[in-house]
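First residue of the sequence shown: 1, per UniProt numbering; consecutive thereafter.
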Amino acid sequence: MSKSDSSGSNHTAIKCHCGIPVAILRLWTEDNPGRRFLRCKFLNPDFSRGCNYFSWYDEVKVEWQKNTINQLMLEKKNTINQPALSTRQRMITNCNPNPESKLGKQLN
Numbered sequence: 001m002s003k004s005d006s007s008g009s010n011h012t013a014i015k016c017h018c019g020i021p022v023a024i025l026r027l028w029t030e031d032n033p034g035r036r037f038l039r040c041k042f043l044n045p046d047f048s049r050g051c052n053y054f055s056w057y058d059e060v061k062v063e064w065q066k067n068t069i070n071q072l073m074l075e076k077k078n079t080i081n082q083p084a085l086s087t088r089q090r091m092i093t094n095c096n097p098n099p100e101s102k103l104g105k106q107l108n
C-alpha cells in the first residue's frame, strides 16, 4: 500500500474488494489515538453492504505519542465538562487570600 506525502492524497487510488476507492477514517481509542485507517466506503454490517477491506494508513504510534495524545484528550474532556468560572471565582482561586484579611472578607 502506498501512502501519500504531504503534497497530496493518493489513498483514493487504493480500491477495496468492491472495486471502489476506500474511505480514510480516524480512530480515537486509547490504543490507537488519532490513527488513520482505510476501509470500504460502503461497509455496513447491519445491511450486509460493502466488503471487509481494512488496512492501516498510519504507522504505529510510539508509546510517548499515545500517552501524549491520550493525556491531551483527557484534559480537553475535563475542560469541556467543567463549567466556566466567573471572574470572581477565578480571582478567588488564583489569589486565594487569607480569609481573615480585608480582601478575603470582601471576596467571601
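Glycine included, C-beta positions come from ideal geometry on N, C-alpha and C.
query: Determine the extent of the alpha helix (DSSP H) in which ILE24 is found, giving its start and end residues.; result: Note, ILE24: premise wrong, no alpha helix (DSSP H); beta strand (DSSP E) at 23 to 28.
query: What number of angstroms, rounded off, separates the C-alpha of TRP64 from the C-alpha of ASN32?; result: 12 Å
query: On the DSSP letters alone, give me the boundaries of the beta strand (DSSP E) that LEU38 sits inside.; result: 33 to 39
query: Taking the straight line between their C-alpha atoms, what separation do you get for PHE37 and ALA23?; result: 8 Å
query: Are the CB atoms of LEU43 and ARG49 within a distance shorter than 8 Å?; result: yes
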